[in-house]
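Enquirer: Supplied in structure tokens, the structure appears directly below.
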Amino acid sequence: MAPTGFKRWIVVITTVSAAILELIDTSIVNVGLTQMAGNLGVTIEDISWVVTAYAIANVIIIPMTGFLQNYFGRKTYYIASIILFTIASYFCGIADDLWTLVAFRFLQGIGGGALLSTSQGIMYDAFPPNQRAIASAVFGMGIVMGPTLGPTLGGFIIDNYHWSWMFFINVPIGILAVFLCSTFVEKMPNEFNIDRSKIKIDQLGILLLAVGIGSLQYVLERGEADDWFDDSAILYLTVAAAISIPLFLWWELKTDSPVMDLRVVKNQNLAIGSILVFIIGYGLFTSILLFPLFAQRIVGYTATKTGNILIPGGAVALIMFPVVGRSLASGVSPRLFAILGYLAFILFCFMMSNLDADAGERDFTWALLVRGAGLAMINAPLINQSISTLKPQELPTGIAFTNMVRQLGGAFGVAITNTYIAQRTAVHRSDLVSNLQAGDPVTTDRLNAMAQSLASRGMNALDAVSGAYRNLDAIVSKQSLMISYLDTFRLAGLFFVITLPLLFLMKNKKMDAATAKAAADAAH
């Protein structure tokens, strides 16, 4: 029986908070990497391991949550994961060298991997079958708000406190979540007296999954920074992923007790929905990466101001999620919302691609409002539609698979964004420099004006000329970087345009009460 009244909303607040914690920690450290590198005495390339370690652990554990919940019991596994996440957060905060921080960041990712998918199942259990769409919408708020709040919260902490508070802030929330889960979350009937001797452990499947997906995540996260296949580790791990992932797929389809039953991917809605969820993960994480870079490196905003600009878009998403949920519950087609959400995200990408260094808060705010509305309309409807035609026993794997695909989409987005920016910046710099010819009147006048400006501030003539050339070089670099950001927003919009027709290939089926209840009982 679903909890009611006060108890239901305690469960809702607890599970959504846990999911937001997990998602915040995928992005919160991004704005603090420079300060962390300086404090620990390492390079920016080295400190990026803090991001990579968490992402690798996350993407390995997410597809295994279904098996782990069956083996340990959902409530036990959930509480243990929160405890691990909380303890690892504390030790991340007190780490005084890079590799200690990376090790505990990996453990934090192991614990955090369960918070997203297991929270989803517990959340669904808090609502009766006819209100599952509302549950999806409420949970969807966490999916969108987490990556959005990450840079905002991280920017505030970095500008006002020590970077360690990005981790310490998890500790009291984690302790409270453990208490509330222990008190208010009830065990399902199948969680009592679990006979683990009858549960076969797919050891080979787990090994192939960890090696294959972990290697792929590493390649996507580190490829651009390490010059891709010029780096031996990237090359070896690409080979490892290329071997392990096909073997994993073959083994999971062959064995009788798979850690992840991939036969469900034959379902048309889930297969198509997974592609679309992958693109959403790409768009969500790419936009959250690109906007702060544009605002801070091109326009010159502080981390705090950049984070504050994200708030109105997040507020729109918060307002719209319940509206979308109630509309789905009343019978409005999920496909309609998904199409509108897709179109809104396309509009957001092309709005951002038309900005320049003179863009103001209003320009960013309008674009981010469109993004917030789009994400509110696409997340819950698309996930519901993806699993709507699955059999009850297939739902755990289907939901775990979509969660994994969304994370991989985000990793792909970060990888392709970093690579594309580097390539396009080089192209645009070459194009701009080719227009700066020696003896060109416009170029000469610009250099003379800059030299005179420097000389008027007390610099000698020779240094003023050298300074003018350095300033011109900085202007060219900034301009080429800005144009590459605009190109990258266009590329993200193009991915959405290309995949939009797939929405029309999904079967437009509303989940019946029995399937919705099974989704609640089995969702991971």
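With the numbering used here, the residue at position 230 of the sequence shown is 1100, and numbering never jumps.
Note that CB positions come from ideal geometry on N, CA and C, so glycine has one too.
1) Can the beta-carbon of Pro1251 be found less than 8 Å from the beta-carbon of Leu1213?
2) Cβ of Thr1259 within 8 Å of Cβ of Asn1139?
3) From Thr935 to Leu985, what distance separates their C-alpha atoms?
4) Does the structure place the stretch 1230 to 1250 close enough to the stretch 1106 to 1124 that three or more beta carbon pairs sit under 8 Å?
5) Rounded to whole angstroms, what is the Cα-Cα separation between Val1275 and Ile926?
6) In whole angstroms, what separates the C-alpha of Trp1098 from that of Ile1286?
7) Which word fits Pro1162, buried or exposed, when buried means at least 16 other C-beta atoms lie within 10 angstroms of its C-beta?
8) Using only the alpha-carbon positions, how far apart do Tyr1031 and Gly1230 sit?
9) Counting along the chain, where does the alpha helix (DSSP H) carrying Asn1249 start and finish?
10) Report buried or exposed for Trp879, applying the criterion of at least 16 other Cβ atoms within 10 angstroms of its Cβ.
11) Roughly how many angstroms lie between the CA atoms of Asp1100 and Gly1093, to the nearest whole one?
12) Would you call the stretch 1082 to 1089 and the stretch 1035 to 1042 touching, i.e. three or more CB-CB distances under 8 Å?
13) Quick one: grab the DSSP three-state call for Asp1343.
14) Which same chain residues end up closer than 6 Å to Gly1363 when comparing Cβ atoms and leaving out the 5 residues on each side of it in sequence?
15) With a 10 Å radius around its C-beta and 16 neighbouring C-beta atoms as the bar for buried, classify Val1303 as buried or exposed.
16) Is Arg1196 helix, strand or coil by DSSP?
17) So, with DSSP's three-state summary, where would you put Phe1405?
18) Is Leu1245 closer than 8 Å to Leu1117 when the C-beta atoms are compared?
19) Using only the alpha-carbon positions, how far apart do Asp1343 and Arg1167 sit?
20) Could you check the C-alpha separation between Met871 and Asp1226 for me, to the nearest Å?
21) Counting contacts by CB-CB distance shorter than 8 Å, is Asn1060 in contact with chain C?
22) Under the three-state reduction of DSSP, which class applies to Thr885: helix, strand or coil?
23) Taking the C-alpha atoms as reference points, what is the distance between Ile1421 and Phe1062?
24) Going by Cα to Cα distance, which pick from Val1048, Ile1028, Gln939 is closest to Val881?
25) Quick check for students: name the residue ranges of the beta strand (DSSP E) that lie wholly in the stretch 895 to 960, counting only runs of 3 or more.
26) Taking contact to mean at least 3 C-beta pairs separated by less than 8 Å, is the stretch 973 to 993 in contact with the stretch 941 to 961?
27) Where do the N-terminal and C-terminal ends of the alpha helix (DSSP H) with Leu1373 fall, by residue?
28) Output the distance between the C-alpha atoms of Thr988 and Phe1148, rounded to the nearest integer angstrom.
29) State buried or exposed for Ala1319, treating a residue as buried only when at least 16 other CB atoms are found within 10 Å of its CB.
Expert: So, from the data block:
1) no
2) yes
3) 10 Å
4) no
5) 13 Å
6) 12 Å
7) buried
8) 27 Å
9) 1231 to 1257
10) exposed
11) 10 Å
12) no
13) helix
14) Ile1216, Cys1219, Phe1220
15) exposed
16) helix
17) There is simply no residue 1405 to check, as the chain begins at 871 and stops at 1394 in what is shown.
18) no
19) 16 Å
20) In this predicted model, Met871 has a pLDDT of only 48, less than 50, meaning its place in the structure is not dependable enough to derive any value.
21) Checking the listed chains, one finds no chain C in this structure; it contains a single protein chain.
22) helix
23) Residue 1421 lies beyond the stretch modelled for the chain, which goes from 871 to 1394, so this question has no answer here.
24) Val1048
25) none
26) yes
27) First-last for Leu1373: undefined, no H or E at that position.
28) 20 Å
29) exposed
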